[in-house]
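The structure appears below as structure tokens.
Numbering (this note's numbering), first residue to last: 79 to 348.
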């Protein structure tokens, strides 16, 4: 399958090669006069929950982030990152090195004063807990209720609201010609301590590694220092985000989920 011909002409792209396909979008590696680029085409007629992420990525001016070369409708042309990803490093047995590199990416992303942007805020995301209920077969309703209450407490005690990538983790950072760069931002306004929360439940394909208590503790310390935030707030956001991901996956009626054990580990540190 190729991108629409009119879109290829608009972007001045040629030689498409499909490299990724998800429920939300397809990505091709294409050639332009400036070299290789990634053409991302969303299946829906809009960019869904990643639309704000493109605004956030533009605002970084390419600082530790893939550059947005062009956008039109529900498609974008993005700087090509050859890889590997930091997730690939973890899966190859280099978790410590990947964690340090991710810390440097986060530090660079937030190394300049943020531009004002019209982004959704974390309260909108965590409102997904409203109306949450549980199947009789759910093994962890009390754990989920505690995590939801923790999220509300974290939102209520946030004193700084900053534009965030919103989904910064190992599989969303790849090496390119300019070094390690983040991509696939969600774009959200929130507590800077939230920025690395999802990294504690990633990358994919490393379930045993991310459930190692010592790794959780070490990475929480490392990434809190990188962001200049209190360690306990990052730990609490990590637990809240794990629960939110469970809620998003299961829908409002929570039945069972393979991350309940990880949620218990993260809650024990919150």
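From the three backbone atoms N, C-alpha and C, an ideal C-beta is built for every residue, glycine too.
- For residue 125, the closest alpha carbon among the candidates 107, 141, 101, 115 is that of 101.
- Put simply, the backbone Cα of residue 263 is about 14 Å away from that of residue 199.
- Under DSSP, residue 110 forms a beta bridge with 113.
- Annotation: the continuous beta strand (DSSP E) that includes residue 92 extends over 92 to 99.
- Under the criterion of beta carbons closer than 8 Å, residue 184 and residue 304 qualify as touching, at roughly 5 Å.
- For residue 275, the closest C-alpha among the options 212, 223, 345 is that of 345.
- Nearest neighbour of residue 234 by Cα position, chosen from 244, 343, 204, turns out to be 204.
- As the crow flies, the alpha-carbon of residue 242 is around 14 Å from that of residue 319.
- Note on residue 237: under 16 other CB atoms within 10 angstroms of its CB, so exposed under the neighbour-count rule.
- The shortest C-alpha to C-alpha distance from residue 170 to any of 330, 326, 287 is the one to 287.
- Rounded to whole angstroms, the Cβ separation of residue 173 and residue 293 is 7 Å, and the two are in contact under 8 Å.
- The three-state reading of DSSP puts residue 246 in coil, since its state is none of H, G, I, E or B.
- By the C-beta density criterion, residue 163 is buried, having at least 16 other C-beta atoms within 10 angstroms.
- Assigned with DSSP and collapsed to three states, residue 323 falls in helix.
- Taking C-beta atoms under 8 Å as the contact rule, residue 133 and residue 265 qualify, at a distance of about 6 Å.
- When DSSP reads this structure, residue 163 sits in a beta bridge with 252.
- If the five residues before and after residue 88 are omitted, its C-beta is found closer than 7 Å to the C-beta atoms of 150, all from its own chain and listed in chain order.
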